[in-house]
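**Q**
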Amino acid sequence: MKLLRAYREKPVRAVPAAAVVLILILLGLLPGMTPPYTTIMVGSVLMYIILSLCWNMFSGATGYISLATAAFFGLGVYASAFLGGTLPLPALMLVGGAAASVLAFLIGLITLRLRGVYFTIFTLGIVKLLEQLILYLEIHFNNTRGRFVVSHSYTEVFYALYVLLILLLAAILIIRRSRFGKALICIAEGEDAAQHIGINATMVKVLAFTISAFAMGAAGAAMATRWSYIDPYIAFNANYSFLPVLMVIFGGSRYLPGPIIGAAIFAYLQELLTTRFPYIYMLAMGLIMIAAILFMPRGILGLIYDGVRKIHKRKEAKADDGS
Amino acid sequence: MTVLEGKGVNKAFGGRKAVDNVDFDVQAHEILGLIGPNGAGKTTLFNLISGAIRPDSGVITYKGTRISGRKPYAICHMGLGRTFQTAKNFPDLTVYQNVRMGATFGKKGVSEADAERITNEVLAFVGLQDAAEKSMKDITLALQKRVEVARALATGPDLLMLDELMAGLNPTEVGEAMALVSRIRDRGVTIVMIEHVMRAIMNMCDRILVLHHGQKIAEGTPAEIAANPTVIEIYLGE
Chain A
657 MKLLRAYREK PVRAVPAAAV VLILILLGLL PGMTPPYTTI MVGSVLMYII LSLCWNMFSG
717 ATGYISLATA AFFGLGVYAS AFLGGTLPLP ALMLVGGAAA SVLAFLIGLI TLRLRGVYFT
777 IFTLGIVKLL EQLILYLEIH FNNTRGRFVV SHSYTEVFYA LYVLLILLLA AILIIRRSRF
837 GKALICIAEG EDAAQHIGIN ATMVKVLAFT ISAFAMGAAG AAMATRWSYI DPYIAFNANY
897 SFLPVLMVIF GGSRYLPGPI IGAAIFAYLQ ELLTTRFPYI YMLAMGLIMI AAILFMPRGI
957 LGLIYDGVRK IHKRKEAKAD DGS
Chain B
15 MTVLEGKGVN KAFGGRKAVD NVDFDVQAHE ILGLIGPNGA GKTTLFNLIS GAIRPDSGVI
75 TYKGTRISGR KPYAICHMGL GRTFQTAKNF PDLTVYQNVR MGATFGKKGV SEADAERITN
135 EVLAFVGLQD AAEKSMKDIT LALQKRVEVA RALATGPDLL MLDELMAGLN PTEVGEAMAL
195 VSRIRDRGVT IVMIEHVMRA IMNMCDRILV LHHGQKIAEG TPAEIAANPT VIEIYLGE
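In the order they appear, the protein sequences are chains A and B.
Add 656 to a position in the first sequence, counting from 1, and you land on the number used in our numbering.
Add 14 to a position in the second sequence, counting from 1, and you land on the number used in our numbering.
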């Protein structure tokens, strides 16, 4: 326990567990208390939170920047497109997640020996490859570009994502406390040293990649049933690869709540700007991102924690003067 | 008894032979010194032994088992530990956590209780028990290097390779480091050390191996090496 408590800087205690539980309960009551628009929007926010948490579970932990998120998400979307109607929503999510995990495992085996930018480029290539491959197959064999997906109500999809998020958070907490989680920490702290104290770094990385892809695929499967029509450009939209990266940077990748806060604020901002200021939306997002990287390289949480630490130090200094 | 042995070990980087057909052997419980000018291939030889890189040709065996071609984690599990020239500690973890990671992963199936016991034992052994909760950024270079030794010891090695443990230390710290190495050997751990500090090499080593341009140019006791004309010419100076 000692090991994990102190593992990364924690000047203030992370949001107390009670507050987290309260927020989750309120979220669970949301669809019954608010207009449909809110439920749909918060559902999309949940999706981004899931994608960001998953991305951070692997890339944030190991330092390998993956842009394959859209590939895993898109596979989940197509799982629902092919099997929707024959299977209930939870089963669709399981199939979508499993398909994404299988792909991640294979990518991992091939590429996780690569380092740095080669890995990143390969993962983005996988997204484009799947997009074009499925497009080709659909047009040549099915004479169609897109597919209709047997739809589920936005409330059902909301709860599906809600449960997925809770399971994901539980998995992240369990992993952090496990031997596997400690191995991930060591790899992030120094891969060479990690290997030389007995950690099979390749295996640990492949496993983390595989696990994180599961929830990405499951989220895709759930979202597809809300959209009702999909095609390869929708399913494998590269934004699903890029946005979670920006969200995690925005929130602060070093902290557990970082991806959650980053995704929530970023997704809400996106919604606000597209609806209220459609013409300056892209410009504003770009400026916000540049400002975020320049002025808070460790994300919002990094900024807040630094501020709190300064106040603590000032208080301590005053107390010392007084004595 | 020979614990570590290399036969005809070669490694070239882009046409330049970093390690050139080197034979070596390490006997149980000895301290073997590895010396040579900068760029002689000493650290490359360490990397070949620990599995960080693969030899182009040649065979390295540890306790009679071939290890060349194996991964570093597997070689570590077999009981071969190392440190790095520039200490590769885990910078965001505390001293205790650094050593604990070595204890946790160094051998297969170590329980949390065992890992904790090993960590405390090793911290006491190297004299770091009072610095256990300190962050890596708050301790001196000498202590950082000591943490790395402790982390390697916590993996339970029978043979420990130390890459320039004393570089950058002041004379007092060199003395402390020498005492630590002797005590590690007294625990029954065989030691191979790369070192430029002649006082340490000449006083501590049972045997010395000299590399130059990737080739082994001499091997023998400190007295033999100190009197070897080739070594004097290219390394020790007149």
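Backbone N, C-alpha and C fix where the C-beta goes; we use that ideal spot for every residue, glycine too.
On a predicted model such as this, the values are computed, not experimentally measured, just so you know.
Please return the same chain residues whose Cβ sits closer than 7 angstroms to the Cβ of residue 257 of chain B, not counting the five positions on each side in sequence.
**A** With chain B covering 15 to 252 only, the question about residue 257 of chain B has no answer from this structure.
**Q** Go to residue 239 of chain B, then tell me how far its alpha helix (DSSP H) extends in each direction, as first and last residue.
**A** Numbered from its first residue, the second sequence carries residue 239 of chain B at position 225. Element bounds for residue 239 of chain B: 236-241.
**Q** Across the stretch 692-705 of chain A and the stretch 805-814 of chain A, are there enough close Cβ pairs to call them in contact, namely three or more that are closer than 8 angstroms?
**A** yes
**Q** If you draw a straight line from the C-alpha of residue 837 of chain A to the C-alpha of residue 766 of chain A, how long is it?
**A** Numbered from 1 along the first sequence, position 181 holds the residue referred to as residue 837 of chain A. Numbered from 1 along the first sequence, position 110 holds the residue referred to as residue 766 of chain A. Their backbone Cα atoms lie some 22 angstroms apart in a straight line.
**Q** Using a beta-carbon distance cut-off of less than 9 angstroms, what residues from the stretch 826-857 of chain A approach chain B?
**A** 835, 838, 839, 841, 842, 844, 845, 846, 848, 849, 850, 851, 852, 853, 854, 855, 856, 857
**Q** Cβ of residue 115 of chain B less than 8 angstroms from any chain A Cβ?
**A** By one-based count along the second sequence, residue 115 of chain B stands at place 101. Output row for residue 115 of chain B: interface = yes.
**Q** So, does the CB of residue 236 of chain B fall closer than 8 angstroms to a CB anywhere in chain A?
**A** Within the second sequence, numbered from 1, the residue matching residue 236 of chain B stands at position 222. For residue 236 of chain B, the answer is no, since every Cβ of chain A falls outside 8 angstroms of its Cβ.
**Q** Can you say whether residue 685 of chain A is buried or exposed, counting buried as having 16 or more other CB atoms within 10 angstroms of its CB?
**A** Against the first sequence, residue 685 of chain A aligns to sequence position 29. Per the 10 Å Cβ criterion, exposed.
**Q** The stretch 64-80 of chain B: which residues have C-beta closer than 9 angstroms to a C-beta of chain A, in chain order?
**A** Of all residues in the stretch 64-80 of chain B, only 64, 65, 66 place a beta-carbon less than 9 angstroms from a beta-carbon of chain A.
**Q** I want to know whether the stretch 223-237 of chain B touches the stretch 45-62 of chain B - three or more CB-CB distances under 8 angstroms.
**A** yes
**Q** For a quick check, are the C-beta atoms of residue 205 of chain B and residue 176 of chain B less than 8 angstroms apart?
**A** Within the second sequence, numbered from 1, the residue matching residue 205 of chain B stands at position 191. Within the second sequence, numbered from 1, the residue matching residue 176 of chain B stands at position 162. Yes, the pair counts as a contact, with Cβ atoms nearer than the cut-off.
**Q** Alpha carbon to alpha carbon, what distance is there between residue 210 of chain B and residue 22 of chain B?
**A** Position 8 of the second sequence holds residue 22 of chain B. Position 196 of the second sequence holds residue 210 of chain B. Those two C-alpha atoms are separated by around 25 angstroms.
**Q** From residue 914 of chain A to residue 681 of chain A, what distance separates their C-alpha atoms?
**A** Translated into positions along the first sequence, residue 914 of chain A becomes position 258. Translated into positions along the first sequence, residue 681 of chain A becomes position 25. Cα-Cα distance, rounded: 20 angstroms.
**Q** Run through DSSP, which three-state label would residue 894 of chain A get?
**A** As a first step, residue 894 of chain A is located in the first sequence; it is residue number 238 there, counting from the start. Here residue 894 of chain A sits in coil by DSSP.
**Q** Please identify the residue among A:895, A:919, A:822 whose C-alpha is closest to the C-alpha of residue 906 of chain A.
**A** Here residue 906 of chain A refers to the residue found at position 250 of the first sequence. Put simply, of A:895, A:919, A:822 the residue whose alpha carbon is nearest the alpha carbon of residue 906 of chain A is A:919.
**Q** Assuming residue 820 of chain A and residue 871 of chain A make a contact with CB atoms under 8 angstroms, what is their CB distance in whole Å?
**A** For the purposes of this step, residue 820 of chain A is taken as residue 164 along the first sequence, with counting starting at 1. For the purposes of this step, residue 871 of chain A is taken as residue 215 along the first sequence, with counting starting at 1. With 8 angstroms as the limit, residue 820 of chain A and residue 871 of chain A qualify as a contact, their Cβ atoms being about 6 angstroms apart.
**Q** Which value, in whole angstroms, describes the spacing of the CA atoms of residue 149 of chain B and residue 845 of chain A?
**A** Taking the second sequence and counting its residues from 1, the one referred to as residue 149 of chain B is at position 135. Taking the first sequence and counting its residues from 1, the one referred to as residue 845 of chain A is at position 189. Spanning the two alpha carbons is a distance of roughly 14 angstroms.
**Q** Since residue 82 of chain B contacts residue 96 of chain B with CB under 8 angstroms, what's their CB separation in whole angstroms?
**A** As a first step, residue 82 of chain B is located in the second sequence; it is residue number 68 there, counting from the start. As a first step, residue 96 of chain B is located in the second sequence; it is residue number 82 there, counting from the start. Not really, about 15 angstroms apart at Cβ, beyond 8 angstroms.
**Q** Run through chain A and tell me which residues come within less than 8 angstroms of residue 96 of chain B, C-beta to C-beta.
**A** Counting from 1 along the second sequence, the entry for residue 96 of chain B is found at position 82. Those within 8 angstroms of residue 96 of chain B in chain A are 852.
**Q** Mapping DSSP to helix, strand and coil, what is residue 975 of chain A?
**A** Looking up residue 975 of chain A in the first sequence gives position 319. Residue 975 of chain A: helix per DSSP, three-state reduction.
**Q** Would you call residue 881 of chain A buried or exposed, if buried means 16 or more other Cβ atoms sit within 10 Å of its Cβ?
**A** Here residue 881 of chain A refers to the residue found at position 225 when the first sequence is read from its first residue. When all chains shown are included, residue 881 of chain A counts as buried.
**Q** Hey, how far is the Cα of residue 725 of chain A from the Cα of residue 199 of chain B?
**A** The count along the first sequence starts at 1 and reaches residue 725 of chain A at position 69. The count along the second sequence starts at 1 and reaches residue 199 of chain B at position 185. Rounded to the nearest angstrom, the two C-alpha atoms are 51 angstroms apart.
**Q** Can you tell me the Cα-Cα spacing of residue 243 of chain B and residue 178 of chain B, whole angstroms?
**A** The sequence position of residue 243 of chain B within the second sequence is 229, counting from 1. The sequence position of residue 178 of chain B within the second sequence is 164, counting from 1. A straight-line Cα-Cα distance of about 25 angstroms links residue 243 of chain B and residue 178 of chain B.
**Q** Distance, Cα to Cα, residue 857 of chain A vs residue 848 of chain A?
**A** Numbered from its first residue, the first sequence carries residue 857 of chain A at position 201. Numbered from its first residue, the first sequence carries residue 848 of chain A at position 192. For residue 857 of chain A and residue 848 of chain A, the gap between their C-alpha atoms comes out near 9 angstroms.
**Q** What does a CB cutoff of less than 7 angstroms around residue 769 of chain A pick up in its chain, not counting 5 residues either side in sequence?
**A** Locating residue 769 of chain A in the first sequence gives position 113, counting from the first residue. Here the set comprises 858.
**Q** Comparing C-alpha positions only, which one of B:73, B:93, B:61 sits nearest to residue 99 of chain B?
**A** Stepping through the second sequence from its first residue, residue 99 of chain B is reached at position 85. Closest by alpha carbon: B:61.
**Q** Quick check: residue 802 of chain A and residue 885 of chain A, are their CB atoms within less than 8 angstroms of each other?
**A** In the first sequence, residue 802 of chain A corresponds to position 146, counting from 1. In the first sequence, residue 885 of chain A corresponds to position 229, counting from 1. Cβ atoms of residue 802 of chain A and residue 885 of chain A: closer than 8 angstroms.
**Q** Using 10 angstroms around the beta-carbon of residue 16 of chain B, count the other beta-carbons present and answer buried if the total reaches 16, otherwise exposed.
**A** Mapped onto the second sequence, residue 16 of chain B falls at position 2. Residue 16 of chain B comes out exposed.
**Q** May I ask you to list the residues that DSSP assigns as paired with residue 693 of chain A?
**A** Looking up residue 693 of chain A in the first sequence gives position 37. The partner list for residue 693 of chain A (beta bridge, DSSP) is empty, contrary to what the question assumes.
**Q** For residue 144 of chain B, which residues in chain D fall below 7 angstroms Cβ to Cβ?
**A** Checking the listed chains, one finds no chain D in this structure; the protein chains it contains are A and B.
**Q** Does the distance from the CB of residue 876 of chain A to the CB of residue 729 of chain A come in under 8 angstroms?
**A** By one-based count along the first sequence, residue 876 of chain A stands at place 220. By one-based count along the first sequence, residue 729 of chain A stands at place 73. For residue 876 of chain A and residue 729 of chain A, yes; Cβs fall inside 8 angstroms.
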